[in-house]
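Structure record follows, encoded as structure tokens.
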Amino acid sequence: MASQADPPSASTATQRDFHHPYTPYKIQLDFMNALYDTIEEGKIGIFESPTGTGKSLSLICGAMTWLRDHQSLSLQEESSAGDDTEPAWVREYHANLLREKRLKKYRDLQARIDKVRALELKDKQAVRARGRMFGSDVPEGVPKRAKTGSQNERAEDRYLVDDYHSDDEDVPAKSSGGGASDSNLSKEVQALLKRLGGNTGDNEDEEDEEFDDNDVKIFYASRTHSQLSQFVQQLRLPNFPPSELWSSAGSLRHVPLSSRKQLCIHPRISRLRDLNAINDRCTELQQNSGDNRCSFMMNEHELADRVKSRDFRDKVIAEVRDIEDMADIGRSMSVCPYYASRGAVQVSEIVTLPYPLLLQSSYRKALSISLKNQIVIIDEAHNLLDAITSLFSMSISLTDIKKSKSGVQVYLNKFSKKLNGGNKVYITQIIKLLEVLEQFLSEFKGVNGTEVVQNDVLQSGSVDTINVFKIEKYMEKSKLSRKVESYIVHLAEQAEMAAMPDGKENKRAGHKKFRQPPAAVPLLSKIMSFLMALTNPTTEGRVFFELANGEKHLKYLLLDPSFHFKSIVEEARCVILAGGTMEPVSDYLRYLFPYVPRDRFKLVSCDHVIPKQNLGAWTIATGPTGAEMVFTFERQRLEATAIELGRTISNLTCVIPDGMVLFFPSYKYMAEVCAIWKRTVGGHPSQWEQISKRKTIFEEPREASEVDHVLSEYASVIEQDPADTGKRTRGAILLAVVGGKMSEGINFSDKLARGIVMVGLPFPNARSADMVAKRRYVEEHTIAEVKARGMESLRERYPEESLIPDSELTQLNQLCRKEAETASREYYENVCMRAVNQSIGRGIRHANDYAVIIFVDARFASERITRKLPKWINERMPSDAKSVGLSVGNVMRYVSEFFRDKKEVKSSV
Numbered sequence: 001m002a003s004q005a006d007p008p009s010a011s012t013a014t015q016r017d018f019h020h021p022y023t024p025y026k027i028q029l030d031f032m033n034a035l036y037d038t039i040e041e042g043k044i045g046i047f048e049s050p051t052g053t054g055k056s057l058s059l060i061c062g063a064m065t066w067l068r069d070h071q072s073l074s075l076q077e078e079s080s081a082g083d084d085t086e087p088a089w090v091r092e093y094h095a096n097l098l099r100e101k102r103l104k105k106y107r108d109l110q111a112r113i114d115k116v117r118a119l120e121l122k123d124k125q126a127v128r129a130r131g132r133m134f135g136s137d138v139p140e141g142v143p144k145r146a147k148t149g150s151q152n153e154r155a156e157d158r159y160l161v162d163d164y165h166s167d168d169e170d171v172p173a174k175s176s177g178g179g180a181s182d183s184n185l186s187k188e189v190q191a192l193l194k195r196l197g198g199n200t201g202d203n204e205d206e207e208d209e210e211f212d213d214n215d216v217k218i219f220y221a222s223r224t225h226s227q228l229s230q231f232v233q234q235l236r237l238p239n240f241p242p243s244e245l246w247s248s249a250g251s252l253r254h255v256p257l258s259s260r261k262q263l264c265i266h267p268r269i270s271r272l273r274d275l276n277a278i279n280d281r282c283t284e285l286q287q288n289s290g291d292n293r294c295s296f297m298m299n300e301h302e303l304a305d306r307v308k309s310r311d312f313r314d315k316v317i318a319e320v321r322d323i324e325d326m327a328d329i330g331r332s333m334s335v336c337p338y339y340a341s342r343g344a345v346q347v348s349e350i351v352t353l354p355y356p357l358l359l360q361s362s363y364r365k366a367l368s369i370s371l372k373n374q375i376v377i378i379d380e381a382h383n384l385l386d387a388i389t390s391l392f393s394m395s396i397s398l399t400d401i402k403k404s405k406s407g408v409q410v411y412l413n414k415f416s417k418k419l420n421g422g423n424k425v426y427i428t429q430i431i432k433l434l435e436v437l438e439q440f441l442s443e444f445k446g447v448n449g450t451e452v453v454q455n456d457v458l459q460s461g462s463v464d465t466i467n468v469f470k471i472e473k474y475m476e477k478s479k480l481s482r483k484v485e486s487y488i489v490h491l492a493e494q495a496e497m498a499a500m501p502d503g504k505e506n507k508r509a510g511h512k513k514f515r516q517p518p519a520a521v522p523l524l525s526k527i528m529s530f531l532m533a534l535t536n537p538t539t540e541g542r543v544f545f546e547l548a549n550g551e552k553h554l555k556y557l558l559l560d561p562s563f564h565f566k567s568i569v570e571e572a573r574c575v576i577l578a579g580g581t582m583e584p585v586s587d588y589l590r591y592l593f594p595y596v597p598r599d600r601f602k603l604v605s606c607d608h609v610i611p612k613q614n615l616g617a618w619t620i621a622t623g624p625t626g627a628e629m630v631f632t633f634e635r636q637r638l639e640a641t642a643i644e645l646g647r648t649i650s651n652l653t654c655v656i657p658d659g660m661v662l663f664f665p666s667y668k669y670m671a672e673v674c675a676i677w678k679r680t681v682g683g684h685p686s687q688w689e690q691i692s693k694r695k696t697i698f699e700e701p702r703e704a705s706e707v708d709h710v711l712s713e714y715a716s717v718i719e720q721d722p723a724d725t726g727k728r729t730r731g732a733i734l735l736a737v738v739g740g741k742m743s744e745g746i747n748f749s750d751k752l753a754r755g756i757v758m759v760g761l762p763f764p765n766a767r768s769a770d771m772v773a774k775r776r777y778v779e780e781h782t783i784a785e786v787k788a789r790g791m792e793s794l795r796e797r798y799p800e801e802s803l804i805p806d807s808e809l810t811q812l813n814q815l816c817r818k819e820a821e822t823a824s825r826e827y828y829e830n831v832c833m834r835a836v837n838q839s840i841g842r843g844i845r846h847a848n849d850y851a852v853i854i855f856v857d858a859r860f861a862s863e864r865i866t867r868k869l870p871k872w873i874n875e876r877m878p879s880d881a882k883s884v885g886l887s888v889g890n891v892m893r894y895v896s897e898f899f900r901d902k903k904e905v906k907s908s909v
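The sequence shown runs 1 to 909 under UniProt numbering.
Following this line, the structure appears as structure tokens:
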């Protein structure tokens with residue numbers, strides 16, 4: 001990394017007990033101390049800790065130790081707070097009153113949780129004897145209030161949107177819970193009770209208000225559900241001492257959050273495949289009343305449901321739960337875990353959630369998550385820039401627009417007489433917008449990747465008077481997208497049914513076959529998201545024309561990820577980006593935090609737990625015949641390049657034992673190389689056969705469902721003793737792809753990867769519309785920065801701007817262009833090197849592991865590339881491998897010596 005955090009003093013390190021479940025390594029202590037200091041100072045931390053060094057436990061122990069310390073300090077601060085104008089005894093009395101009130105809330109909560117834990121312990125002991133786990137005797141998905149009531153709805157009126165009034169009208173909303181909205185108490189009595197801290201019975205959130213939203217929590221986000229599950233397993237390991245606020249020792253208070261897709265327990269809705277469909281159907285059920293309402297949704301106006309929600313909350317935080325546990329508890333209690341989990345957030349210490357729930361403000365708002373003064377930890381953060389770009393980029397096709405327009409027109413024609421004036425106005429405006437979009441894209445002439453001026457898209461057709469922000473608000477409240485989509489599906493089902501042969505049994509079978517809820521994202525919602533993106537400034541994103549398979553598309557590409565991340569940085573107490581491979585770190589500073597002063601960052605790059613002699617890393621610059629090994633796009637097309645690579649790999653299999661993982665830059669190139677290796681020339685064995693004599697070859701499958709089987713077979717072959725099988729093979733070789741299914745999240749420890757070979761530099765397609773747009777943005781951004789600094793310097797030297805010589809301005813413009821080209825190249829290389837670093841980090845999983853990393857491309861020997869490798873790898877590369885690279889013969893000698901030393905060490909132990 002560019003810099004490192006100053007190591008904590010020895011006295012500081014010895015004073016802190018991080019309650020690590022094992023004896024931590026020095027690098028783990030340094031990591032935890034640096035994390036503690038970063039949180040204490042309210043900085044932004046970028047932490048790189050190689051996979052296999054206990055990063056997750058270090059994050060947990062470092063952050064939780066600070067949090068428990070802070071809980072005690074915050075109580076002391078409350079005791080000393082008060083109004084200076086009041087007498088000292090009044091301030092002291094008031095502070096002690098608040099302090100005791102807060103402590104009582106947590107003591108009561110703790111007492112309830114202790115009861116839950118005791119009951120669960122009894123349950124576990126009982127069910128072990130019966131061989132069943134907790135909650136398994138509750139029929140899955142069977143609600144206690146069994147009626148759905150959908151049979152009693154009128155066939156088509158369920159697709160009708162509710163009456164919509166003007167945005168400025170204050171129309172009382174219908175009560176979704178069916179409970180009384182007004183208290184029977186007079187306003188005077190309610191005010192008196194409120195002053196005395198009593199319960200008026202009129203506040204649906206009173207139970208939630210027992211606890212302060214401002215209590216500091218840790219929000220931990222990772223990219224995938226499996227990564228979050230692994231983190232939750234680590235949460236169960238440490239035991240933290242009690243704090244003054246929480247006097248119970250043992251596990252921490254944790255709640256996992258996820259989308260409805262993971263947490264919905266409704267028997268019908270949970271079967272839907274698409275998240276947007278689940279969200280919309282859930283919202284529809286909430287708006288129903290009586291038996292038509294979701295039976296798992298708690299009505300906070302009813303005391304029994306409030307108590308049930310609280311019991312769910314207590315049960316969730318009584319132990320460290322996973323997402324699956326949340327769903328099981330919800331089923332056993334007939335409580336919706338998606339909504340009920342929100343109450344647990346307020347009393348939790350750690351909240352785990354996937355990227356979208358943290359990064360999108362709409363999700364945070366829906367989950368009532370406030371990040372003000374909170375600790376935000378984003379793990380696997382090497383994905384962060386791409387994740388933000390992906391979340392906020394979108395594409396629509398001409399076919400999407402036509403289908404959506406047709407659907408809305410059919411809907412309006414059907415329900416025109418039943419819609420009120422507000423609905424008709426907005427639906428008519430939506431149709432107009434769709435017509436203008438269709439006309440623009442139909443008539444657009446341009447090549448693939450042509451940039452489209454955002455204002456031009458809606459300039460024609462006199463739609464400048466339409467307020468798209470009001471349209472968005474209308475669609476959000478009315479759920480028009482799902483209503484239209486559902487109605488169109490209903491019409492299609494009716495048409496299919498009408499086409500079936502007459503007969504009761506045929507009709508029943510047809511009804512069962514065709515009655516499927518819409519699973520795709522509603523086209524109208526998709527198009528509305530695109531229209532809203534058009535309102536973003538051009539400095540944030542751009543619109544491009546794409547032609548794919550003869551279909552016209554408009555694509556909005558987010559270019560500035562800092563805009564959507566800024567609210568998190570400004571609200572949170574501190575933000576931690578953590579990952580096994582964070583290099584090159586310059587992209588995060590430049591494109592994610594361009595507005596943050598550099599003195600607010602703490603950059604930490606940890607060494608690996610392995611001894612330096614347990615990793616060897618070399619660059620092969622020339623192959624067995626002396627040919628230069630360079631895998632540029634042009635060279636990849638040459639058959640001679642693939643043949644020389646085959647000779648190189650065949651030689652390496654002679655000196656690398658057990659398993660080898662060979663990473664190619666793309667699936668396409670891997671397939672081309674394999675085809676060349678399998679060819680026989682003049683009756684001689686093919687290169688594929690030659691390699692197979694030494695190691696069994698496996699290829700990464702394109703289908704995710706086949707990955708586990710391939711990995712299992714690969715591991716099985718490696719574990720076999722050649723003497724037992726009668727074969728001469730020594731291990732196996734796995735052909736994988738950078739950015740593929742095996743380049744992330746797969747652990748190749750010990751024998752599974754004694755050698756990792758990186759073939760070429762996996763640069764993205766430089767001519768793709770996305771990459772062209774991003775590099776152009778980087779150049780424009782750089783020119784603006786350099787020019788602003790240059791002009792500021794010139795203004796200091798010349799009293800008036802008109803007096804600046806043309807030669808000075810020419811030099812400045814030349815400097816701007818030079819810096820822009822450099823920044824563009826750096827960005828392009830950084831995208832490539834992030835992928836490289838993630839792939840080569842698959843090996844070396846623990847302190848006693850050892851392996852070699854071979855870079856097969858002369859360009860890896862350049863200083864510009866090697867400095868972007870992880871520090872723990874870069875430092876282990878010999879100087880000659882960093883300058884000119886080596887021949888395959890020299891590398892084979894070094895590799896042979898490396899494994900001979902390991903064999904001697906093992907035999908002497």
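Just so it is clear, CB atoms sit at the ideal spot from N, CA and C, and this is done for glycine as well.
So, does the stretch 812-831 touch the stretch 706-717, judging by three or more C-beta pairs under 8 Å? Counting Cβ pairs under 8 Å, fewer than three are found: no touch.
Among residues of its own chain, excluding the 5 on either side of A495, which ones have a beta-carbon nearer than 8 Å to its beta-carbon? Looking up residue 495 in the sequence shown gives position 495. Excluding sequence neighbours, A495 sits near nothing in its chain.
Are there 16 or more other CB atoms within 10 angstroms of the CB of H781, so buried, or fewer, so exposed? Working through the sequence shown from its first residue, we reach residue 781 at position 781. With 16 or more other Cβ atoms within 10 Å, it is buried.
Considering just the uninterrupted stretch of the beta strand (DSSP E) at K868, what are its terminal residues? Taking the sequence shown and counting its residues from 1, the one referred to as residue 868 is at position 868. Neither: K868 is in no beta strand (DSSP E) and is coded neither H nor E.
Among Y363, Y777, P597, I840, nearest to A736 - alpha-carbon criterion: Along the sequence shown, one-based indexing puts residue 736 at 736. Ranked by Cα distance from A736, the first of Y363, Y777, P597, I840 is I840.
What residue range does the beta strand (DSSP E) around P267 cover? Position 267 of the sequence shown, counted from the first residue, corresponds to residue 267. Counting along the chain, P267 falls outside any beta strand (DSSP E), and DSSP gives it neither H nor E.
As an exercise, report each continuous alpha helix (DSSP H) stretch of at least 4 residues that is fully enclosed by the stretch 522-558, in chain order. Taking 4 residues as the minimum length, the alpha helix (DSSP H) runs contained wholly in the stretch 522-558 are 523-533, in order along the chain.
Would you identify the three-state DSSP class for H254, choosing helix, strand or coil? For this step, residue 254 is matched to residue 254 along the sequence shown. The answer is strand: DSSP assigns H254 an E or B state.
Locate the beta strand (DSSP E) running through V737, then write down its first and last residues. Within the sequence shown, residue 737 is the residue found at index 737, counting from 1. Looking at the DSSP string, the run of the beta strand (DSSP E) that includes V737 is 732-737.
What's the gap between the Cα of I844 and the Cα of A366? Stepping through the sequence shown from its first residue, residue 844 is reached at position 844. Stepping through the sequence shown from its first residue, residue 366 is reached at position 366. Going by the C-alpha atoms only, they are around 41 Å apart.
How is F631 classed by DSSP in three states: helix, strand or coil? The residue given as residue 631 occupies position 631 in the sequence shown. Judged by DSSP in its simplified three-state form, F631 adopts coil rather than helix or strand.
Just to confirm my understanding: we take K512, look at its own chain, exclude 5 residues before and 5 after, and list those with CB closer than 7 Å. What are they? By 1-based counting over the sequence shown, the position of residue 512 is 512. With a pLDDT of 47 at K512, under the threshold of 50, the predicted position of this residue should be treated as unreliable, and no value is reported.
Should G616 and Y827 be called a contact, given that it needs their Cβ atoms to be closer than 8 Å? For the purposes of this step, residue 616 is identified with residue 616 of the sequence shown, where counting begins at 1. For the purposes of this step, residue 827 is identified with residue 827 of the sequence shown, where counting begins at 1. Cβ atoms of G616 and Y827: not closer than 8 Å.
Secondary structure at G197, three-state DSSP: helix, strand or coil? Taking the first residue of the sequence shown as position 1, residue 197 is located at position 197. Because G197 sits at a pLDDT of 42, beneath the cut-off of 50, its placement in the model cannot be relied upon, and the following sentence gives the value as read from the coordinates. Three-state result, G197: coil.
How big is the Cα-Cα spacing for L35 and F545? Translated into the one-based positions of the sequence shown, residue 35 becomes position 35. Translated into the one-based positions of the sequence shown, residue 545 becomes position 545. A straight line joining the alpha-carbon of L35 with that of F545 spans about 45 Å.
Could you compute how far the alpha carbon of D291 sits from the alpha carbon of M326? In the sequence shown, counting from the first residue as 1, residue 291 sits at position 291. In the sequence shown, counting from the first residue as 1, residue 326 sits at position 326. About 25 Å.
Using the rule of at least 16 other Cβ atoms within 10 Å of the residue's Cβ for burial, across every protein chain shown, is T866 buried or exposed? Here residue 866 refers to the residue found at position 866 when the sequence shown is read from its first residue. Buried, since its Cβ has 16 or more Cβ neighbours within 10 Å.
Below 6 Å CB to CB, which residues in the same chain sit around K194 once its five sequence neighbours on both sides are set aside? Numbered from 1 along the sequence shown, position 194 holds the residue referred to as residue 194. Low per-residue confidence applies at K194: pLDDT is 46, beneath 50, and the placement is therefore not dependable, though the value from the model is reported in the following sentence. Answer for K194: no residue qualifies.
Do I375 and A63 come within 8 Å of each other at the CB atom, strictly closer than that value? Here residue 63 corresponds to residue number 63 of the sequence shown, with the count starting at 1. Here residue 375 corresponds to residue number 375 of the sequence shown, with the count starting at 1. In this structure, I375 lies closer than 8 Å to A63 by Cβ.
DSSP three-state call for Y164: helix, strand or coil? Start at 1 with the first residue of the sequence shown, and residue 164 comes out as number 164. Y164 falls in the coil class under three-state DSSP.
Measure from the alpha carbon of I873 to the alpha carbon of each residue in I643, A621, K612, then state which is nearest. On the sequence shown, position 873 is the one that residue 873 refers to. The shortest CA-to-CA distance from I873 to any of I643, A621, K612 is the one to K612.
Unbroken beta strand (DSSP E) run spanning Y714, endpoints: The sequence position of residue 714 within the sequence shown is 714, counting from 1. Y714: not part of any beta strand (DSSP E); member of the alpha helix (DSSP H) spanning 707-719, first to last residue.
For I430, I'd like the list of residues in its chain whose CB is within less than 7 Å of its CB, leaving aside the five on either flank, ordered along the chain. Stepping through the sequence shown from its first residue, residue 430 is reached at position 430. Within the same chain, and ignoring the five residues on either side of I430 in sequence, the residues whose Cβ sits closer than 7 Å to its Cβ are V408, I471.
When L734, A784, C654, M833 are compared against F899, the one with the closest alpha-carbon: Against the sequence shown, residue 899 aligns to sequence position 899. Among L734, A784, C654, M833, the Cα nearest to that of F899 belongs to C654.
Just checking my contact of G755 with L652 at CB under 8 Å: how many whole Å lie between their CB atoms? Your numbering for residue 755 matches position 755 in the sequence shown. Your numbering for residue 652 matches position 652 in the sequence shown. The C-beta separation of G755 from L652 comes to about 7 Å, placing the pair in contact by the 8 Å criterion.
Around the Cβ of A533, are there at least 16 other Cβ atoms within 10 angstroms (buried) or fewer (exposed)? Along the sequence shown, one-based indexing puts residue 533 at 533. A residue is called buried when at least 16 other Cβ atoms come within 10 angstroms of its Cβ; A533 meets this threshold and is buried.
Have a look at S442 and E451 and give me their C-alpha separation to the nearest angstrom. As a position in the sequence shown, residue 442 is number 442, starting the count at 1. As a position in the sequence shown, residue 451 is number 451, starting the count at 1. Rounded to the nearest angstrom, the gap between the Cα atoms of S442 and E451 is 16 Å.
Cα-Cα separation, V681 to F631: Numbered from 1 along the sequence shown, position 681 holds the residue referred to as residue 681. Numbered from 1 along the sequence shown, position 631 holds the residue referred to as residue 631. For the pair V681 and F631, the Cα-to-Cα distance works out to about 24 Å.
Compare the beta carbon distance of R542 and A773 with 8 Å and say whether it is the shorter of the two. As a first step, residue 542 is located in the sequence shown; it is residue number 542 there, counting from the start. As a first step, residue 773 is located in the sequence shown; it is residue number 773 there, counting from the start. The Cβ atoms of R542 and A773 lie closer than 8 Å to each other.
With a CB to CB cut of under 6 Å and the five nearest residues on each side skipped, what residues in its chain are close to S222? By 1-based counting over the sequence shown, the position of residue 222 is 222. Excluding sequence neighbours, S222 sits near L228, D379, E380.
Going by alpha carbons, who is nearest to F633 out of Q690, R573, P764? Locating residue 633 in the sequence shown gives position 633, counting from the first residue. A check of alpha carbon separations from F633 across Q690, R573, P764 identifies P764 as the nearest.
Q636: which of V316, M582, S666 sits nearest, CA to CA? Residue numbering aside, residue 636 sits at position 636 when the sequence shown is read from its first letter. Out of V316, M582, S666, the CA that lies nearest to the CA of Q636 is found in S666.
Would you kindly work out how many angstroms separate the C-alpha atoms of L357 and S478, rounded to a whole number? As a first step, residue 357 must be located in the sequence shown, where it is residue number 357. As a first step, residue 478 must be located in the sequence shown, where it is residue number 478. Cα to Cα, L357 sits roughly 23 Å from S478.
Using the rule of at least 16 other Cβ atoms within 10 Å of the residue's Cβ for burial, across every protein chain shown, is L192 buried or exposed? Taking the sequence shown and counting its residues from 1, the one referred to as residue 192 is at position 192. Interpretation of L192 is limited by its pLDDT of 42, a score under 50 that renders its predicted location unreliable; the figure taken from the coordinates is listed afterwards. The C-beta of L192 has fewer than 16 other C-beta atoms within 10 Å across all chains shown, which makes the residue exposed.
Exposure label - N279; buried when at least 16 CB within 10 Å: Walking along the sequence shown from the start, residue 279 turns up at place 279. Classification of N279: buried, given that the 10 Å Cβ count is 16 or more.
Compute the distance between the beta-carbons of V596 and I44, then report whether it is under 8 Å. Here residue 596 refers to the residue found at position 596 of the sequence shown. Here residue 44 refers to the residue found at position 44 of the sequence shown. In terms of Cβ geometry, V596 and I44 form a close pair [threshold 8 Å].
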